[in-house]
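Report on the following structure.
6 protein chains.
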Amino acid sequence: MFLELDGVLNGDEIARLRAIAAASRFVDGRVSNPHSEVKNNLQIDPSDAHTEEASKLMAGALFRVEDFRNFAFPRVMAPPILAKYSPGMHYGAHSDAAFLPVGQRPLRSDLSCTLFIGEPGSYDGGELSVRLGGKSVEFKGAAGSAVIYPSNTLHEVRPVASGERLVGLTFIESMIPDGVNRELLYQLNEVAALEGLKMSWDNRTRLEYVRNNLRRMWGEAG
Amino acid sequence: MFLELDGVLNGDEIARLRAIAAASRFVDGRVSNPHSEVKNNLQIDPSDAHTEEASKLMAGALFRVEDFRNFAFPRVMAPPILAKYSPGMHYGAHSDAAFLPVGQRPLRSDLSCTLFIGEPGSYDGGELSVRLGGKSVEFKGAAGSAVIYPSNTLHEVRPVASGERLVGLTFIESMIPDGVNRELLYQLNEVAALEGLKMSWDNRTRLEYVRNNLRRMWGEAG
Amino acid sequence: MFLELDGVLNGDEIARLRAIAAASRFVDGRVSNPHSEVKNNLQIDPSDAHTEEASKLMAGALFRVEDFRNFAFPRVMAPPILAKYSPGMHYGAHSDAAFLPVGQRPLRSDLSCTLFIGEPGSYDGGELSVRLGGKSVEFKGAAGSAVIYPSNTLHEVRPVASGERLVGLTFIESMIPDGVNRELLYQLNEVAALEGLKMSWDNRTRLEYVRNNLRRMWGEAG
Amino acid sequence: MFLELDGVLNGDEIARLRAIAAASRFVDGRVSNPHSEVKNNLQIDPSDAHTEEASKLMAGALFRVEDFRNFAFPRVMAPPILAKYSPGMHYGAHSDAAFLPVGQRPLRSDLSCTLFIGEPGSYDGGELSVRLGGKSVEFKGAAGSAVIYPSNTLHEVRPVASGERLVGLTFIESMIPDGVNRELLYQLNEVAALEGLKMSWDNRTRLEYVRNNLRRMWGEAG
Amino acid sequence: MFLELDGVLNGDEIARLRAIAAASRFVDGRVSNPHSEVKNNLQIDPSDAHTEEASKLMAGALFRVEDFRNFAFPRVMAPPILAKYSPGMHYGAHSDAAFLPVGQRPLRSDLSCTLFIGEPGSYDGGELSVRLGGKSVEFKGAAGSAVIYPSNTLHEVRPVASGERLVGLTFIESMIPDGVNRELLYQLNEVAALEGLKMSWDNRTRLEYVRNNLRRMWGEAG
Amino acid sequence: MFLELDGVLNGDEIARLRAIAAASRFVDGRVSNPHSEVKNNLQIDPSDAHTEEASKLMAGALFRVEDFRNFAFPRVMAPPILAKYSPGMHYGAHSDAAFLPVGQRPLRSDLSCTLFIGEPGSYDGGELSVRLGGKSVEFKGAAGSAVIYPSNTLHEVRPVASGERLVGLTFIESMIPDGVNRELLYQLNEVAALEGLKMSWDNRTRLEYVRNNLRRMWGEAG
């Protein structure tokens with residue numbers, strides 16, 4: 007359900023993203039959710055000169071990580087954007103939209119991703135909190151780490167009390183739309199990767215047969 | 007299931023479509039259903055100079071109507087075409103094809119649409135009649151109005167006894183393919199639009215969470 | 007898709023079933039398919055004194071076989087009946103009914119089973135032939151063996167040219183209704199049974215997690 | 007979608023039901039929907055001496071009708087009850103509950119049924135009106151006739167202006183829960199019944215193969 | 007996803023369950039999972055004189071709680087059993103079986119439930135820990151409280167370092183098998199309960215129409 | 007399930023493909039399955055001058071065959087490639103990958119196809135063998151013939167003992183992804199094609215209504 011990844015961004019990338027953030031214009035986050043009463047943050051101006059560079063840098067870093075690809079089965083990823091929370095800012099409980107206007111066709115948001123760019127010790131509050139019914143789970147990662155979580159949850163960013171929270175945000179359409187199916191296939195693929203070479207060829211073939219066919223049944227072409 | 011829309015076309019558009027119809031060649035409607043024994047009508051010649059103008063005019067008018075977009079969740083719409091029924095003509099009971107060759111990929115026809123261009127008093131007969139098991143429902147709208155109905159029904163156009171029936175016809179592929187799902191989401195969206203602002207923020211968030219997730223589960227990406 | 011099982015019935019059981027068949031009344035097989043033009047065989051009279059003994063004997067023998075239970079995930083099995091084909095008899099291509107009136111509620115026939123009771127050398131013809139599109143697969147097993155095949159195929163019993171074909175027949179409602187799902191779960195369970203003990207405990211736990219959840223998703227309660 | 011059936015009840019049955027209605031206690035219809043603000047009718051007292059006789063009479067009459075069985079694929083039917091609308095009474099727009107407490111397990115209401123017992127000319131108003139989006143379809147049948155309609159619609163009983171509306175009401179759980187699937191299987195079965203004997207045996211076998219397998223895929227066991 | 011409930015058991019019930027636990031024989035928890043290498047706990051002897059009393063007491067307490075019924079849509083619940091963890095005992099990561107042999111037909115375990123009977127301060131360790139991918143969520147409730155969690159997760163009971171962990175355990179088959187669907191319906195029902203009376207009757211009817219139909223589509227009869 | 011087609015390639019095409027094979031470089035088949043321990047064959051070098059000509063020739067020949075289109079409902083076909091098995095070569099049991107990188111988006115392999123180019127008498131062994139549980143079905147067709155089989159099976163090419171096996175290979179993404187659905191629609195379309203003209207117009211319309219709607223329900227747009 008959740009995937010936490012350390013070291014997605016290396017030191018140079020972190021430095022570059024911080025420099026871009028420092029040099030770029032940020033606008034009210036409500037530009038992309040005009041009717042929200044709970045969104046109170048800043049997003050990099052889409053027309054800013056460095057917006058595309060930052061997106062490409064973050065997208066490239068994520069796709070480099072094998073466990074990200076294994077977990078998310080990504081089909082399309084929205085260009086990641088930089089967001090900032092100054093003291094007092096927050097993003098109250100909300101669920102992510104089902105479809106986003108990305109490129110030529112809508113992207114279905116199956117998974118959401120936060121890339122932590124600032125040091126967690128440099129700001130108070132600002133935890134990403136995901137509700138699971140009555141229970142909440144909180145994330146506040148090291149600089150360069152990321153968390154992938156299901157877009158179909160209620161989640162929020164707690165108020166920042168001091169310092170500044172600088173993150174990258176993106177949304178992923180998966181080849182395996184259903185989250186339960188995706189988790190099962192991920193676990194089965196892990197078993198095959200870790201145990202497959204020890205199996206008899208017959209059983210390895212059986213396991214590959216199951217994995218191929220689950221992917222065929224659950225995966226979207228198109 | 008059915009959506010009747012008044013005033014889709016304004017007076018100028020009605021006049022322009024009538025003028026185009028009067029000035030254009032029409033061909034046997036069997037060009038698009040060569041094996042039909044029950045289709046007996048006329049369609050504007052696809053190669054006629056004004057065919058595209060008429061299509062764009064009608065498509066634009068439909069997409070202007072908010073309730074059309076809310077009801078149909080349109081993903082792709084076939085270019086609307088003009089059709090004419092002279093006295094004696096009719097289109098016997100039939101179901102619409104599942105897929106139509108539109109543009110680069112087949113369009114799945116989830117919803118069918120008739121735009122009424124002539125005055126209902128100017129022709130006798132010519133009702134669109136949709137069968138619901140043993141019961142039928144009939145539509146003969148005012149000039150400029152439209153009816154949207156499920157493509158998966160048996161339906162017919164009753165014989166025109168006198169005058170001329172001039173209509174626009176199109177087919178819509180919806181983001182929500184299943185008709186029952188689409189109806190539920192439409193009704194839930196209506197509740198949110200009409201009652202959402204009166205709710206506590208928590209309940210409004212809950213309702214938005216349900217709507218986002220139903221759309222995610224039921225909607226087609228691609 | 008197919009499961010062939012040797013030695014389902016032991017020698018005593020084969021002898022007892024033959025003795026019952028020899029001592030019992032048989033009736034026209036059309037009693038259970040009155041409108042069939044292609045069924046031409048004999049079935050044991052349901053009211054015969056030994057019908058129930060024969061059913062219990064055959065059902066008990068099948069349920070003894072672990073691979074039968076692993077493959078079929080049986081939920082309910084119709085009482086097996088004895089059937090006979092004399093020279094000239096056959097059962098032309100047909101598909102088995104979806105639901106059979108067995109006990110208090112209809113049994114959905116997911117899998118069909120033939121138990122071979124006579125020696126294959128004692129009759130000419132009489133092969134069970136299952137069509138897979140243009141290709142057919144034939145079964146004529148040793149006495150005491152069985153074949154399990156999907157009820158949703160077209161299949162037939164070829165004409166018996168000489169001798170007598172004596173078989174037991176039954177139908178199984180599976181806990182996993184969909185045949186593709188059932189096959190995948192069967193193969194995955196085989197992998198777990200044959201390789202599980204060699205895996206690290208973590209991976210064995212992962213594999214069990216996948217199997218439990220596939221069974222939960224695909225299996226019918228009720 | 008709709009099935010109208012004439013002559014479900016014969017003259018004697020109509021007379022007997024009217025006599026039972028005249029001799030029985032009726033109670034506020036809100037006994038079975040205590041929170042409804044739109045239900046304003048009378049239902050026979052469940053504890054009345056003749057309630058069970060009336061239920062059995064109506065259930066038996068419905069099950070006698072072959073087209074009812076073909077259309078509804080009934081698995082369980084709630085005991086039909088008598089309901090009365092005096093002048094001023096009505097039942098505003100509502101959808102039927104998904105599950106009803108009938109016998110030992112909940113009955114899922116897939117189809118609703120109204121049996122008309124009084125003469126339509128003996129009361130003004132009182133039409134059963136089923137909404138299909140913006141369009142409504144109305145039913146006010148002859149004495150002894152019935153209408154079967156989907157429980158998942160919004161429907162209402164229009165106010166009775168004068169006279170008395172006496173009807174039987176019941177709910178049916180179908181073996182084919184999905185209404186679109188049920189309609190397709192019904193139509194395909196009609197084709198087989200009306201054309202099957204004229205087909206080559208091979209094609210008749212193919213058609214039976216399709217029907218058996220659709221019923222297997224779509225039908226509920228349990 | 008998770009539901010934590012305070013005060014499910016009152017003081018008398020807690021006292022009675024502790025007394026039963028003190029007076030009853032407990033057996034190795036592997037009686038119900040003979041092949042487990044990670045289960046190391048004690049369960050009340052099924053044949054003990056007070057086992058049934060304890061089950062009924064716990065089941066009754068759970069069904070008294072409205073929010074439990076609203077959240078779980080319970081169809082069948084396994085008789086809750088008492089379990090004990092002495093120092094050093096634990097139950098390593100595992101997923102619950104899909105089907106349990108309860109009564110006359112297998113119960114599908116959709117939801118698992120732990121009832122906390124001992125005081126949390128009376129034992130060290132012993133947390134119920136549910137894995138959500140790489141993240142875990144822990145539960146160690148007050149005496150009398152309960153937690154409901156999805157059976158399709160990997161979860162464990164952490165080793166008890168000192169004291170004794172006394173809990174009740176049960177499994178619930180829900181009318182809404184799919185967890186995502188169940189959560190959506192629960193949230194929508196909450197909206198209706200909290201906001202319904204403030205809505206216009208039309209919108210309240212719409213919302214009820216959606217809820218009835220989601221329950222019809224997603225709910226299991228049988 | 008299987009479709010065998012004679013005469014897909016005519017004599018000229020067979021001769022041309024043999025000439026291309028004789029003049030082209032072939033590389034180790036593991037280029038497209040680098041981790042396979044069971045693949046031991048040769049494939050035409052993708053960069054060879056004649057690779058594209060051979061692909062187009064084979065694709066064109068397949069699409070000419072009406073029964074191929076009726077059976078496969080092809081949406082996308084991978085460019086067919088030439089493969090060779092010299093003495094000793096084989097391709098052990100394997101299942102085909104669910105998705106192949108073809109063109110701009112992954113192609114889901116629903117059906118696999120072997121085109122036989124060499125004479126069956128010119129090589130010993132080399133049968134395509136498809137496993138159906140414990141039973142296998144073998145194919146070794148005449149030059150110019152083809153076999154279409156489900157990609158979700160375990161299948162193998164038996165060792166070639168002498169001579170050379172020259173075949174074309176391709177993979178088809180179908181508009182009807184589920185194999186059982188596809189088979190039912192194929193059979194129903196055959197009934198309509200062979201019997202439709204003899205039916206009453208009403209029944210022909212009913213049958214077309216069922217076929218259109220099954221195709222709409224089961225077919226993928228996009």
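Residue numbers (the working numbering), protein chains in the order written: chain H, 7 to 228; chain G, 7 to 228; chain U, 7 to 228; chain F, 7 to 228; chain L, 7 to 228; chain A, 7 to 228.
Ideal placement from N, C-alpha and C gives every residue a C-beta, glycine not left out.
Compare the C-beta of N6/F against all C-beta atoms of chain L and say whether one is closer than 9 Å. Examination of residue 6/F is not possible in this model, given that chain F is present from 7 through 228 alone.
By DSSP, does K90/U sit in helix, in strand, or in coil? Along the third sequence, read from residue 1 onward, the residue named residue 90/U stands at position 84. In this structure, K90/U counts as strand in the three-state DSSP scheme.
S30/G and L88/G closer than 9 Å at C-beta: What you label residue 30/G is simply residue 24 of the second sequence in a count that begins at 1. What you label residue 88/G is simply residue 82 of the second sequence in a count that begins at 1. A contact, by the Cβ cut-off of 9 Å.
Per DSSP, M83/L is paired with what? Locating residue 83/L in the fifth sequence gives position 77, counting from the first residue. For M83/L, which the question treats as bridged, DSSP gives the partners I178/L.
With DSSP run on the structure shown, which of helix, strand or coil describes K204/H? As a position in the first sequence, residue 204/H is number 198, starting the count at 1. Of the three classes helix, strand and coil, the one that applies to K204/H here is helix, per DSSP.
Could you tell me which uninterrupted beta strand (DSSP E) segments, each at least 3 residues in length, are contained entirely in the segment 146-177 of chain H, listed from first to last along the chain? 152-156, 160-163 and 166-169
Report buried or exposed for F79/G, applying the criterion of at least 16 other Cβ atoms within 10 angstroms of its Cβ. Residue numbering aside, residue 79/G sits at position 73 when the second sequence is read from its first letter. So F79/G ends up on the buried side.
If the cut-off is 8 Å on Cβ atoms, which residues from the segment 157-169 of chain L count as contacting chain U, listed in chain order? S157, N158 and L160
Taking G5/F as the reference, which of M7/F, G98/F and G17/F has the closest Cα? This structure does not reach residue 5/F, given that chain F is present from 7 up to 228, and the question cannot be answered.
Go to D73/U, then tell me how far its beta strand (DSSP E) extends in each direction, as first and last residue. For the purposes of this step, residue 73/U is identified with residue 67 of the third sequence, where counting begins at 1. No beta strand (DSSP E) contains D73/U, which is instead part of the alpha helix (DSSP H) from E72 to A78.
Whose C-beta lies closer than 8 Å to the C-beta of E58/A among residues of the same chain, with five residues either side of it excluded? Start at 1 with the first residue of the sixth sequence, and residue 58/A comes out as number 52. The answer, listed in chain order, is P85.
Per DSSP, what kind of secondary structure is L190/A in: helix, strand or coil? Translated into the one-based positions of the sixth sequence, residue 190/A becomes position 184. DSSP places L190/A in helix when its eight states are reduced to three.
Proximity below 9 Å, CB of Y129/G to CB of E170/G: Position 123 of the second sequence, counting from 1, holds the residue named residue 129/G. Position 164 of the second sequence, counting from 1, holds the residue named residue 170/G. Yes, the Cβ-Cβ distance between Y129/G and E170/G is below 9 Å.
May I have the straight-line CA-CA distance separating C119/G from S135/F, to the nearest angstrom? Locating residue 119/G in the second sequence gives position 113, counting from the first residue. Locating residue 135/F in the fourth sequence gives position 129, counting from the first residue. C119/G and S135/F: Cα-Cα distance of roughly 24 Å.
Would the segment 203-212 of chain G count as touching the segment 58-75 of chain G if we require 3 or more Cβ pairs under 8 Å? no
Going by the DSSP bridge assignment, what does H100/A pair with across the sheet? By one-based count along the sixth sequence, residue 100/A stands at place 94. In the DSSP output, where bridge partners are listed per residue, H100/A has H161/A.
Alpha helix (DSSP H) segment containing E19/G, residue limits: In the second sequence, residue 19/G corresponds to position 13, counting from 1. G17 to A29 is the span of the alpha helix (DSSP H), which, as asked, contains E19/G.
Using Cβ-Cβ distances below 7 Å, what residues of the segment 135-155 of chain F are close to chain G? L138, G139, G140, K141 and V143
Going by other Cβ atoms of all chains shown within 10 Å of its Cβ, with 16 needed for buried, is F122/F buried or exposed? Counted from its first residue, the fourth sequence places residue 122/F at position 116. It counts as buried.
If I measure Cβ to Cβ from D102/F and keep anything under 7 Å in the same chain, skipping five residues before and after, which residues do I get? Counting from 1 along the fourth sequence, the entry for residue 102/F is found at position 96. Excluding positions up to five away in sequence, the list reads S115, S118, S157 and F177.
Note the first and the last residue of the continuous beta strand (DSSP E) segment covering G13/U. In the third sequence, the residue the question calls residue 13/U occupies position 7. Looking at the DSSP string, G13/U is not in any beta strand (DSSP E), and its letter there is neither H nor E.
Listed by chain order, chain H residues near N219/G by CB distance under 8 Å: As a working note, residue 219/G is residue 213 in the second sequence. The answer, in chain order, is S101, A104 and N158.
Using CA atoms only, rank isn't needed, just tell me which of P93/G, R217/G and E72/G is closest to D12/G. Translated into the one-based positions of the second sequence, residue 12/G becomes position 6. It is E72/G.
Against chain G, does R222/H count as a neighbour if the rule is that its beta carbon must be under 9 Å from one of theirs? Residue 222/H sits at position 216 when you count from the first residue of the first sequence. So, not an interface residue.
Grouping DSSP H, G and I as helix and E and B as strand, with all else coil, what is E2/H? As shown, chain H starts at 7 and ends at 228. That puts residue 2/H outside it, with no answer to give.
Applying the 10 Å Cβ sphere with the 16-neighbour rule, what's the burial state of P107/H? Within the first sequence, numbered from 1, the residue matching residue 107/H stands at position 101. Exposed.
Would you call the segment 137-153 of chain L in contact with the segment 33-45 of chain L, where contact means no fewer than 3 C-beta pairs closer than 8 Å? no
Given that a residue counts as buried once 16 or more other Cβ atoms are within 10 Å of its Cβ, and exposed if not, what is S168/H? Along the first sequence, read from residue 1 onward, the residue named residue 168/H stands at position 162. Exposed is the call here.
Reference R217/H; option with closest CA among E10/H, A227/H and R188/H: For the purposes of this step, residue 217/H is taken as the residue at position 211 of the first sequence. The residue with the shortest Cα to Cα distance from R217/H is R188/H.
Would DSSP call P183/L helix, strand or coil? In the fifth sequence, counting from the first residue as 1, residue 183/L sits at position 177. Coil at P183/L, not helix or strand.
On a Cα-Cα basis, can you pick out the residue from G150/H, S151/H, I154/H and K146/H that is closest to V163/H? Working through the first sequence from its first residue, we reach residue 163/H at position 157. V163/H has its Cα closest to that of K146/H, out of G150/H, S151/H, I154/H and K146/H.
Using only the alpha-carbon positions, how far apart do N219/G and I182/G sit? Position 213 of the second sequence, counted from the first residue, corresponds to residue 219/G. Position 176 of the second sequence, counted from the first residue, corresponds to residue 182/G. Distance between the alpha carbons of N219/G and I182/G is about 13 Å.
For G131/G, the three-state DSSP class (helix, strand or coil): Along the second sequence, one-based indexing puts residue 131/G at 125. Reduced to three states, the DSSP call for G131/G is strand.
Among L190/F, V82/F and P93/F, nearest to R221/F - alpha-carbon criterion: In the fourth sequence, residue 221/F corresponds to position 215, counting from 1. Ranking L190/F, V82/F and P93/F by Cα distance to R221/F puts L190/F first.
When Cβ atoms are compared, which residues of the segment 188-202 of chain L fall closer than 8 Å to chain G? L190, Q193, L194, E196, V197, L200 and E201
Residues near H56/G in its chain [Cβ-Cβ closer than 7 Å; skip 5 each side]: Looking up residue 56/G in the second sequence gives position 50. So the list reads I26, A29 and S30, once near-sequence residues are dropped.
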